[in-house]
Amino acid sequence: MKGLILGAGIGSRLQPLTNEIPAPMLPILNKPLILYIIEHLKKFGIGEYKISLHHLPEVIDSYLGDGEEYDVKISYSLEKDLLETGHSIKRIPSYFDDTILIHYGNVLTNIDLTEFLYFHKQRKSIFSYAVIENQLLKNVNEISIDEKSRIVDFNFRETGIKYPFIPAGIFLAEKEILDYIPSNKKFSLEEDLLKTICDNKLPAFAFIHKGDYYKIQYPKDLLEINLQILKLLAIAEGKLVFGNKNGISKDVLNSINSPVFVGENSTVNKNVVFKGPAVIGDDVIIDEGSTISNSLILNNTYIGKNIEIENAIVYKNLCINTRSDYGIYVTDSFVLAPIVKIKLSDKLKEISFRLIDIILSLLGL
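Here the sequence shown is numbered in our numbering, starting from 322 and rising by one per residue.
This is the structure we're talking about:
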């Protein structure tokens with residue numbers, strides 16, 4: 322079985338974070354979400370992947386490459402126009418030589434794919450949805466199923482009707498489903514395909530997933546999954562500090578009483594206080610006297626002296642309050658700033674050019 326990861330979306334609800342980082346590359350404990358997805362699917366024998374790309378494709382491509390580093394095979398489907406998730410599978414019919422596992426690029430679960438595939442094959446389904454319970458009773462893509470788990474109705478943002486399940490963003494598909502997806506037209510795997518399935522009474526089924534489920538749709542979701550997994554890790558391993566301990570000032574290290582993850586090449590200076598759990602990315606500097614609580618600091622970020630960060634995501638000079646999903650860019654580099662890596666060779670070239678300029682000016686040339 323092959324895998325298709327849908328990573329083309331702009332991630333508008335995650336902006337401005339996704340202006341520089343595509344949603345599948347957003348980090349969980351400093352590792353991109355898409356890598357967690359691949360590692361989970363690989364456990365069930367999926368070794369070949371196609372990833373749909375559109376927004377910032379070079380970021381994903383340059384990180385994953387052909388997949389050799391991760392012992393999988395990866396190719397890409399570059400979409401010039403965004404025509405929804407249905408178009409992403411319609412445009413690659415040659416990839417369908419067997420059942421295909423389709424996975425949203427902003428979803429993380431511990432779904433048992435062996436059980437899901439057995440469910441799909443046993444019912445001779447042409448398209449199966451992994452679904453979760455609609456606990457909040459939101460009117461978004463709700464699904465109704467019969468006693469055999471066949472999809473019989475759906476409700477898309479309607480009022481007055483409440484169905485118990487919603488799609489989890491993971492699907493199993495047979496090539497036959499492509500006959501019901503139009504070409505060169507916006508068509509989603511949820512609203513549009515569900516309507517087609519119900520209108521045509523197609524053999525499509527819903528597999529109920531009762532395990533872990535995370536969907537990163539808003540900045541607060543990204544913070545929540547990072548802190549939740551960090552807390553679980555702390556409980557499992559019985560310790561509080563993870564990652565690069567050497568970068569933490571000794572007085573700070575001795576005062577930590579909540580889980581903290583610190584990335585590579587990061588520095589936490591003296592008198593910094595962690596009042597709550599925190600995840601610190603790679604190449605981060607937190608200067609003296611600052612306070613960090615329930616926050617995520619992404620790579621290449623400088624936090625100045627005596628700055629208080631709480632319930633926030635910070636990336637370079639961007640600070641997002643996750644309670645309001647409101648972000649601001651800070652122009653004072655003594656408060657927040659990006660850390661720019663400079664190659665030694667580039668620095669030497671710059672120095673050489675300056676020396677040449679000085680010599681030429683002294684010679685009057």
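Beta carbons: idealized from backbone N, C-alpha and C, even for Gly.
Candidates the options, of which the one nearest residue i by Cα
i	options	result
residue 329	534, 398, 647 and 471	398
residue 441	413, 472 and 395	472
residue 538	632, 324 and 334	334
residue 341	367, 376 and 371	376
residue 638	615, 614, 644 and 605	605
residue 565	350, 411 and 395	350
residue 633	626, 651, 624 and 614	614
residue 504	374, 413 and 651	413
residue 272	383, 384, 378 and 416	Any property of residue 272 remains undetermined from this structure, which presents the chain solely from 322 to 686.
Residue i to residue j span [Cα, whole Å]
i	j	result
residue 665	residue 506	Annotation note: pLDDT 43 at residue 665 (below 50); position unreliable, coordinate value reported separately. Straight-line Cα distance between these residues: approximately 49 Å.
residue 674	residue 659	The predicted position of residue 674 is uncertain, since its pLDDT is 49 and thus under 50; a value taken from the coordinates is nonetheless stated next. Near 26 Å, if we compare the C-alpha coordinates of residue 659 and residue 674.
residue 489	residue 404	20 Å
residue 654	residue 500	55 Å
residue 421	residue 561	40 Å
residue 661	residue 621	7 Å
residue 468	residue 497	24 Å
residue 590	residue 572	9 Å
residue 331	residue 575	42 Å
residue 663	residue 521	Because the pLDDT at residue 663 is just 46, under 50, the model does not fix this residue reliably, and the value given afterwards should be weighed accordingly. Going by the C-alpha atoms only, they are around 59 Å apart.
residue 642	residue 567	29 Å
residue 535	residue 543	9 Å
residue 322	residue 418	9 Å
residue 470	residue 623	52 Å
residue 325	residue 432	16 Å
residue 406	residue 511	8 Å
residue 353	residue 345	7 Å
residue 523	residue 455	23 Å
residue 525	residue 509	16 Å
Start and end residues, alpha helix (DSSP H) containing residue i
i	result
residue 440	434-443
residue 382	378-385
Whole-number beta carbon distance between residue j and residue i, since they are thought to touch under 8 Å
i	j	result
residue 518	residue 486	So it is not a contact: roughly 14 Å between Cβ atoms.
residue 547	residue 600	5 Å
residue 426	residue 327	5 Å
residue 449	residue 492	7 Å
residue 359	residue 393	6 Å
residue 495	residue 476	Their Cβ separation, rounded to whole angstroms, is 25 Å, which puts residue 495 and residue 476 out of contact at 8 Å.
Residue span of the beta strand (DSSP E) that contains residue i, given as start and end
i	result
residue 562	562-564
residue 622	622-624
residue 647	647-650
residue 454	448-454
residue 634	633-636
residue 659	657-659
residue 463	463-466
residue 398	394-399
residue 546	Residue 546 -> not in any beta strand (DSSP E); alpha helix (DSSP H) instead, spanning 540-558.
residue 613	612-614
Any non-hydrogen atom of the ligand COA closer than 7 Å to residue i Cβ
i	result
residue 341	Only the bare structure without any ligand can be found here, which leaves the ligand COA out of the picture.
Contact between the segment 600-613 and the segment 574-588 is defined here as three or more beta-carbon pairs at a separation below 8 Å; is this criterion met? Enough Cβ pairs lie closer than 8 Å, so yes.
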